[in-house]
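A.B. asks: In the numbering used here, the protein residues as written are 13 to 226. Structure in structure tokens, see below.
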Amino acid sequence: MFNIKRVVDEIEKACPTMALPVVTVQALVEFTKQSNASTFAEYMVNSSYTAGTDLFKLFVTNTSISTNFDSFKNDIIEGGEIMIRNSNLYRQQAAEKGMTFIRDNSTILVHSYSRLVMLLLEMASKEKNFKVYVTQASPSSAGLKAVQELRRLNVEAALIADAAIGYIMEKVDMVLVGAEGVVRNGGVINQIGTFPIGVVAKAAGKPFYCVAER
């Protein structure tokens, strides 16, 4: 049986900066390649059982309108691979554009762990010097992972308590966050704690930037 967790873990290990929705699509493209289903109904039942996500159903319905099952599977595989390639390109472009906002010798506040923010900071570290404060992001403590990765890049980084954003805000030049999703009206869906950081940044007059791929 196709092991979605094992495949996702392998993809994340090979491509640590890939966005999670894209990781899911790539895993489900692999499922499609290996699927022995011979009908639409069998395929959808098996994919739902394997993936446990609505993302793939949305991806499937938006990718293929073919009534021939073999053509349908080919459409899903080709559409998924195009989406993956485009995502890699868009992440690179977003990081390249975002790093232009980072001034040399600046101090940055980052919330939790964002793959795209980490890619941006990694690219910027090759050209500029800066210091990063990272919120702990309880209860996941994902901020610790960000600090460890930044230190491996020889970037000065410090972990701060979530409750310390008011104190630390006066010490930073800008705030940088990622996005789990962007809605049609421009609103951002992100990890818990993003909203109060934005409120404090606005009150302190500090630039607040959200990095997201198109």
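Built from N, CA and C at the ideal position, the CB exists for glycine as well.
#1: Tell me the residue span of the alpha helix (DSSP H) that contains residue 101.
#2: Return yes when the Cβ of residue 225 is within less than 8 Å of the Cβ of residue 103, no when it is not.
#3: According to DSSP, is residue 172 helix, strand or coil?
#4: Using only CA atoms, which one of 44, 187, 195, 197 lies nearest to residue 208?
#5: Spatial neighbours of residue 179 within its chain, please: C-beta separation below 6 Å, excluding the five flanking residues on both sides.
#6: Starting from residue 193, follow its DSSP beta bridges and name the residues at the other end.
#7: Rounding to the nearest angstrom, what Cα-Cα distance links residue 213 and residue 42 in this structure?
#8: Looking at the secondary structure, which residues open and close the alpha helix (DSSP H) in which residue 207 lies?
#9: Spatial neighbours of residue 92 within its chain, please: CB distance less than 6 Å, with the 5 preceding and 5 following residues excluded, ordered by chain position.
#10: Can you list, in chain order, the residues of its chain with a C-beta nearer than 7 Å to that of residue 162? Leave out the 5 residues immediately preceding and following it.
#11: Please report how far the alpha carbon of residue 215 lies from the alpha carbon of residue 99, in whole angstroms.
#12: Could you give the DSSP three-state label for residue 64: helix, strand or coil?
#13: Looking at the structure shown, is residue 135 part of a helix, part of a strand, or coil, going by DSSP?
#14: Can you round the beta-carbon distance between residue 165 and residue 137 to whole angstroms, since I take them to be within the 8 Å contact cut?
#15: By DSSP's criteria, residue 220 is part of a beta bridge. Which residues make up the other side?
#16: Residue 51 by DSSP, collapsed to three states: which one?
C.D. replies: Looking at the atomic coordinates:
#1: The count along the sequence shown starts at 1 and reaches residue 101 at position 89. From DSSP, the alpha helix (DSSP H) with residue 101 extends over 81 to 110.
#2: Taking the sequence shown and counting its residues from 1, the one referred to as residue 103 is at position 91. Taking the sequence shown and counting its residues from 1, the one referred to as residue 225 is at position 213. The answer is yes: Cβ separation under 8 Å.
#3: Numbered from 1 along the sequence shown, position 160 holds the residue referred to as residue 172. Residue 172: strand per DSSP, three-state reduction.
#4: The residue given as residue 208 occupies position 196 in the sequence shown. Comparing Cα-Cα distances from residue 208 to each of 44, 187, 195, 197, the minimum goes to 187.
#5: Taking the first residue of the sequence shown as position 1, residue 179 is located at position 167. Here the set comprises nothing.
#6: Locating residue 193 in the sequence shown gives position 181, where the first residue counts as 1. 201.
#7: Within the sequence shown, the letter at position 201 stands for residue 213. Within the sequence shown, the letter at position 30 stands for residue 42. If you take the alpha carbons of residue 213 and residue 42, they lie about 43 Å apart.
#8: By 1-based counting over the sequence shown, the position of residue 207 is 195. Looking at the DSSP string, the run of the alpha helix (DSSP H) that includes residue 207 is 206 to 216.
#9: For this step, residue 92 is matched to residue 80 along the sequence shown. Contacts found: 37, 41.
#10: In the sequence shown, counting from the first residue as 1, residue 162 sits at position 150. Excluding residues within five positions, the ones whose Cβ falls inside 7 Å are 133, 144, 169.
#11: In the sequence shown, residue 215 corresponds to position 203, counting from 1. In the sequence shown, residue 99 corresponds to position 87, counting from 1. Taking the straight line joining both Cα atoms gives about 34 Å.
#12: Numbered from 1 along the sequence shown, position 52 holds the residue referred to as residue 64. Since pLDDT at residue 64 reaches only 44, below the 50 mark, its modelled position is unreliable, and the value read off the structure follows with that caveat. The answer is coil: DSSP assigns residue 64 none of H, G, I, E or B.
#13: The count along the sequence shown starts at 1 and reaches residue 135 at position 123. Three-state result, residue 135: helix.
#14: Reading the sequence shown from its first residue, position 153 is the one you call residue 165. Reading the sequence shown from its first residue, position 125 is the one you call residue 137. With 8 Å as the limit, residue 165 and residue 137 qualify as a contact, their Cβ atoms being about 5 Å apart.
#15: The residue you call residue 220 lines up with position 208 of the sequence shown. DSSP output for residue 220 lists 187 as bridge partner(s).
#16: Counting from 1 along the sequence shown, the entry for residue 51 is found at position 39. Of the three classes helix, strand and coil, the one that applies to residue 51 here is coil, per DSSP.
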